[in-house]
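Going down the list, the protein sequences come from chains A and B.
Our numbering applies: residue 1 is where the first sequence begins, and numbers increase by one.
Our numbering applies: residue 120 is where the second sequence begins, and numbers increase by one.
For glycine and all other residues, C-beta sits at the position ideal for the given N, C-alpha and C.
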Amino acid sequence: MSRGTIPILRVADNLLVTVQTELHDQVAEAFQEDVLAAVEKTGAAGLLIDVTGLDIVDSYVARVLSDTAKMARLMGTETVIVGIRPEVAATLVRMGYAMPGVRTALNVDEGLAMLPSRR
Amino acid sequence: MTIRVLNRDEMAVETEHDVVTVRRKAQAVAHGRGLSTFAIAAITTAASELARNVLAHARRGTASVEAVAADGRSGVRMVFRDDGPGIADLPRALAGGYSTARSLGLGLSGSRRLVDEFEIETAPGKGTVVTVIKWARF
């Protein structure tokens, strides 16, 4: 389902995307395209983006993540970003970018519980 | 306060890959200097923002990442230097949310909030030099 290094898995009615690589520009664009293409193809009810593997999220990556959530919402799919680490949360808030309008959860289980089901 | 430089790495900032290299170097040096997890994330993120700024506004420049010590404190100093167009409206650039390139416009304002010391020298047509320091707290 994905052409890059970022795995996209189906979990019940939802898609689970696990970001582990650093999202530099080219990877970030491919990430966005791959995720949105998978949303369209599967008709997923929800999208979970797991960022537990990211120890650094700068404003560029934060924007890529929140833009992806907004794009998925336009397509009719709700997104929850899960696993933001304490140091990443602290850094983003101090920088003045707390990803407004993006839903977040502590972990994949809690994120899944926040998403609707199509059935 | 005299700052002693224990080690210095000078790197070119010309490609997206260089941004990653600078970020990793900042992270490694911060770890080596005994900074906390939060402080490491802060200085590494500032490295990323400032290196991206060089690419976005000047297309190329240099970054130096230094292990420093002063008054028994241990820290990381970084200097980002470019010969780009410089910043005409510095107060506005430092206020944040102002961007002339494709970004959130948080590069300078965000980095400034992440570090302990922040200095900028710039003028239209004269390039930009940004120096930041993050200290370990004991």
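Minimum Cβ-Cβ distance from residue i to chain B less than 9 Å
| i | result |
| --- | --- |
| residue 55 (chain A) | yes |
| residue 22 (chain A) | yes |
| residue 32 (chain A) | no |
| residue 101 (chain A) | no |
| residue 108 (chain A) | no |
| residue 132 (chain A) | Limits of chain A in this structure are 1 at one end and 119 at the other, which puts residue 132 (chain A) out of reach. |
| residue 1 (chain A) | With a pLDDT of only 45 at residue 1 (chain A), under the threshold of 50, the placement of this residue in the model should not be trusted; the figure read from the coordinates follows. For residue 1 (chain A), the answer is no, since every Cβ of chain B falls outside 9 Å of its Cβ. |
Any C-beta of chain A under 9 Å from that of residue i
| i | result |
| --- | --- |
| residue 178 (chain B) | no |
| residue 233 (chain B) | yes |
| residue 256 (chain B) | no |
| residue 215 (chain B) | yes |
| residue 230 (chain B) | yes |
| residue 262 (chain B) | Since the displayed chain B opens at 120 and closes at 257, residue 262 (chain B) lies outside it and no answer follows. |
| residue 250 (chain B) | no |
| residue 156 (chain B) | yes |
For residue j and residue i, the rounded distance between their alpha carbons
| i | j | result |
| --- | --- | --- |
| residue 117 (chain A) | residue 11 (chain A) | 11 Å |
| residue 245 (chain B) | residue 204 (chain B) | 7 Å |
| residue 169 (chain B) | residue 8 (chain A) | 31 Å |
| residue 227 (chain B) | residue 185 (chain B) | 20 Å |
| residue 31 (chain A) | residue 142 (chain B) | 21 Å |
| residue 1 (chain A) | residue 41 (chain A) | Here the model assigns residue 1 (chain A) a pLDDT of 45, short of 50, so the residue's position is not dependable and the matter cannot be decided. |
| residue 229 (chain B) | residue 109 (chain A) | 32 Å |
| residue 125 (chain B) | residue 94 (chain A) | 29 Å |
| residue 53 (chain A) | residue 111 (chain A) | 16 Å |
| residue 23 (chain A) | residue 137 (chain B) | 14 Å |
| residue 96 (chain A) | residue 194 (chain B) | 24 Å |
| residue 181 (chain B) | residue 175 (chain B) | 13 Å |
| residue 335 (chain B) | residue 199 (chain B) | Because residue 335 (chain B) is not part of the residues shown, which for chain B are 120 to 257, the question remains open. |
| residue 214 (chain B) | residue 241 (chain B) | 16 Å |
| residue 20 (chain A) | residue 173 (chain B) | 26 Å |
| residue 16 (chain A) | residue 26 (chain A) | 21 Å |
| residue 127 (chain B) | residue 183 (chain B) | 7 Å |
| residue 6 (chain A) | residue 91 (chain A) | 24 Å |
| residue 140 (chain B) | residue 167 (chain B) | 9 Å |
| residue 37 (chain A) | residue 44 (chain A) | 11 Å |
| residue 63 (chain A) | residue 75 (chain A) | 18 Å |
Those residues which DSSP pairs with residue i across a bridge
| i | result |
| --- | --- |
| residue 249 (chain B) | B:199 and B:239 |
| residue 229 (chain B) | Paired residues: none, contrary to the question. |
| residue 128 (chain B) | B:184 |
| residue 192 (chain B) | B:189 |
| residue 49 (chain A) | A:17 and A:81 |
| residue 102 (chain A) | DSSP lists no partner for residue 102 (chain A). |
| residue 10 (chain A) | A:15 |
| residue 123 (chain B) | B:188 |
Interface residues of the segment 60 to 90 of chain A facing chain B [CB-CB below 9 Å] | For the segment 60 to 90 of chain A, which is checked against every Cβ of chain B, the residues closer than 9 Å are 60, 61, 62, 63, 85, 86, 87, 88 and 90.
Would you check if the segment 155 to 175 of chain B and the segment 232 to 241 of chain B touch, i.e. whether three or more CB-CB distances between them fall below 8 Å?
-> Counting Cβ pairs under 8 Å, three or more are found: they touch.
Note down, in chain order, all residues in the segment 158 to 183 of chain B with a beta-carbon under 7 Å from any beta-carbon belonging to chain A.
-> In summary, the residues of the segment 158 to 183 of chain B whose CB is separated from some CB of chain A by less than 7 Å are 160, 161, 163, 164, 167, 168 and 171, in the order they occur in the chain.
Are the segment 99 to 118 of chain A and the segment 64 to 82 of chain A touching by the rule of at least three beta carbon pairs closer than 8 Å?
-> By the Cβ rule, the segment 99 to 118 of chain A counts as touching the segment 64 to 82 of chain A, because three or more pairs are nearer than 8 Å.
Would the segment 53 to 61 of chain A and the segment 123 to 132 of chain B be scored as touching if the rule is three or more Cβ pairs under 8 Å?
-> With the cut-off at 8 Å, the segment 53 to 61 of chain A and the segment 123 to 132 of chain B do not touch.
How do the segment 144 to 159 of chain B and the segment 248 to 257 of chain B stand: do at least 3 beta-carbon pairs fall below 8 Å, yes or no?
-> Put simply, the segment 144 to 159 of chain B touches the segment 248 to 257 of chain B. At least three CB pairs are less than 8 Å apart.
For the segment 131 to 152 of chain B, enumerate the residues whose C-beta is nearer than 8 Å to any C-beta of chain A, in chain order.
-> Answer in chain order: 135, 136, 138, 139, 142 and 146.
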